[in-house]
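Numbering (this note's numbering), first residue to last: 17 to 361.
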């Protein structure tokens, strides 16, 4: 009898714990997770719009099939222009993949060394960045430098910095978060410095190098650097919950279509992007997929080996508590489940 009561008590405690945990989880996330899986990717996009995203774009490049383009919601909600699958989009930190490839090519050419330090490349920062003599280019690429993240500065996204100097000023003379190589922490300051190092070595803006060595060989004519001028009508509008204005004109971000990102990611993963010796270098320093976030824009670029498919997802709505980020990850997983179901049928 006592054993039975203990079991009943355990069940009550378990149910109570579950109820409490669910209380703190937005019900929209639960709903998105438990809804029946749609039959098509397009239906899943339409469902995502029902969950509150203003617009969404998906590109699928699956081996043996023609590329698939999807869009739902608004390209611009004020003008009620429907979402366009070939619209330009702020890809945010997905750009780090391009930076890592550029560094790889410069290392392979003997122009940069992964084992040289901030002190070697930017000696003017020795007194203002802790451990500058220990932080190598390799550690910066891998987010193992311990340098504070300048985008974590209070209220950063309310007025983002526009230049290298402005961003750097936010972390100068700040203590390191950990000893170089002893931990991992995603840090945009690493890539702020990496871009400066590349610019100094090249003698010109490193995006020109990316254009010449990566974009042009892959025929990526719809990828643009932060300084490029583009027709804003071609850029998908971005919205942040609690902020009423379109954010597409704000900030300095790399822009690309989902197709261009997908073509790049395919070449990155199958190795066709690399010259002799480069792939081994890249594999030793960075990853083969990425996501990105800036106010108004969430982006995901991933290769699924079991499907031999590249999937790119763009979402044009963000929120302060990142519920939309969690929601988008649920939707991404459901899209892959749909692709797997279609492949097996």
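Quick reminder that beta carbons are idealized off the backbone N, C-alpha and C, glycines included.
A quick note: this is a predicted structure, and the numbers were derived from the prediction, not measured.
field: Environment of residue 37 [buried if 16+ CB atoms lie within 10 Å]
entry: For residue 37, the predicted structure reports a pLDDT of 38, less than 50, and the residue's modelled location is therefore unreliable. A value from the coordinates is still provided. The residue is exposed, with fewer than 16 neighbouring Cβ atoms inside 10 Å.
- prompt: When you compare only the Cα positions, how much space is there between residue 108 and residue 310?
  reply: 6 Å
message: Between residue 166 and residue 186, how many whole angstroms is the CB-CB distance? I'm expecting something under 8 Å.
response: 4 Å
field: Beta-carbon separation (whole angstroms), residue 234 vs residue 280, contact threshold 8 Å
entry: Right, the Cβ-Cβ distance comes to about 6 Å (below 8 Å), so this counts as a contact.
- prompt: residue 38 by DSSP, collapsed to three states: which one?
  reply: Annotation note: pLDDT 38 at residue 38 (below 50); position unreliable, no value reported.
query: Is it right to say residue 199 is buried, meaning 16 or more other beta carbons lie within 10 angstroms of its own, or is it exposed?
result: exposed
field: Contact under 8 Å by Cβ, residue 119 with residue 214
entry: yes
query: Are the C-beta of residue 221 and some C-beta of chain D separated by less than 8 Å?
result: Although the question refers to chain D, the structure presented lacks it and comprises just one protein chain.
- request: Can you grab the Cα-Cα spacing for the pair residue 181 / residue 208, in whole Å?
  value: Whole-angstrom Cα-Cα distance: 10 Å.
- prompt: By the 10 Å Cβ neighbour count, where 16 or more other Cβ atoms means buried, how is residue 43 classified, buried or exposed?
  reply: exposed
- request: Give the straight-line distance between the Cα atoms of residue 261 and residue 174, rounded to the nearest whole angstrom.
  value: If you take the alpha carbons of residue 261 and residue 174, they lie about 13 Å apart.
query: If you drop the 5 nearest sequence neighbours on each side, which residues of the same chain put their C-beta closer than 7 Å to that of residue 222?
result: Taken in chain order, the residues that qualify are 118, 211, 214, 215.
query: Relative to the alpha-carbon of residue 60, which residue among 331, 319, 337 has its alpha-carbon at the smallest distance?
result: 331
message: What would DSSP say about residue 270, mapped onto helix, strand or coil?
response: coil
- request: Name the one or two DSSP bridge partners that residue 106 has.
  value: Per DSSP, 271.
- prompt: What is the C-beta distance between residue 263 and residue 246, in whole angstroms, given that I count them as a contact (C-beta under 8 Å)?
  reply: About 15 Å separates the two Cβ atoms, so there is no contact after all.
- prompt: Between which two residues does the beta strand (DSSP E) containing residue 309 stretch?
  reply: 306 to 310
field: As assigned by DSSP and simplified to three states, the class of residue 112
entry: Residue 112: helix per DSSP, three-state reduction.
query: What is the C-beta distance between residue 169 and residue 324, in whole angstroms, given that I count them as a contact (C-beta under 8 Å)?
result: Actually they do not touch by this definition, with Cβ atoms about 42 Å apart.
message: Suppose the cutoff is 6 Å on Cβ atoms and the five residues either side in sequence are ignored; what does the same chain contact list for residue 251 look like?
response: 104, 264
message: Taking its Cβ as the centre, do 16 or more other Cβ atoms sit within 10 Å of residue 96, making it buried, or is it exposed?
response: Burial call: exposed.
message: By the three-class DSSP mapping on this structure, what secondary structure does residue 325 have?
response: strand
query: Taking the C-alpha atoms as reference points, what is the distance between residue 254 and residue 319?
result: 25 Å
task: Report all residues from its chain with a CB closer than 6 Å to the CB of residue 307; omit the five preceding and five following residues, and keep chain order.
output: For residue 307, where only same-chain residues beyond five positions count, the Cβ hits under 6 Å are 316.
task: Please report the Cβ distance between residue 76 and residue 327, rounded to the nearest whole angstrom; I am assuming they are in contact, meaning their Cβ atoms lie under 8 Å.
output: 5 Å
query: Span of the alpha helix (DSSP H) holding residue 78?
result: Note, residue 78: premise wrong, no alpha helix (DSSP H); beta strand (DSSP E) at 71 to 78.
field: The beta strand (DSSP E) enclosing residue 316, as first and last residue numbers
entry: DSSP places residue 316 inside the beta strand (DSSP E), whose first and last residues are 313 to 320.
message: Please list the terminal residues of the continuous beta strand (DSSP E) segment that includes residue 84.
response: 84 to 92
message: How far does the alpha helix (DSSP H) with residue 184 in it extend, from its first residue to its last?
response: Segment 180 to 185, the alpha helix (DSSP H) holding residue 184.
message: By alpha-carbon positions, which one of 84, 157, 99 ends up nearest to residue 91?
response: 99
task: Quickly, what does DSSP pair residue 98 with across the bridge? List them, please.
output: 90
field: Three-state secondary structure (DSSP) of residue 280
entry: Note: residue 280 maps to helix in three-state DSSP.
task: Taking all protein chains shown into account, decide if residue 164 is buried (16 or more other Cβ within 10 angstroms of its Cβ) or exposed.
output: Classification for residue 164: buried.
message: Output needed for residue 335: all residues of its chain with C-beta closer than 6 Å, excluding positions within five of it in sequence on either side, in chain order.
response: 257
Boundaries (first-last residue) of the alpha helix (DSSP H) holding residue 257: Under the DSSP assignment, residue 257 falls outside any alpha helix (DSSP H); it carries neither an H nor an E label.
- request: Within the same chain, show all residues whose beta-carbon is closer than 8 Å to that of residue 142, passing over the 5 residues directly before and after it, in chain order.
  value: 134, 135, 148, 149
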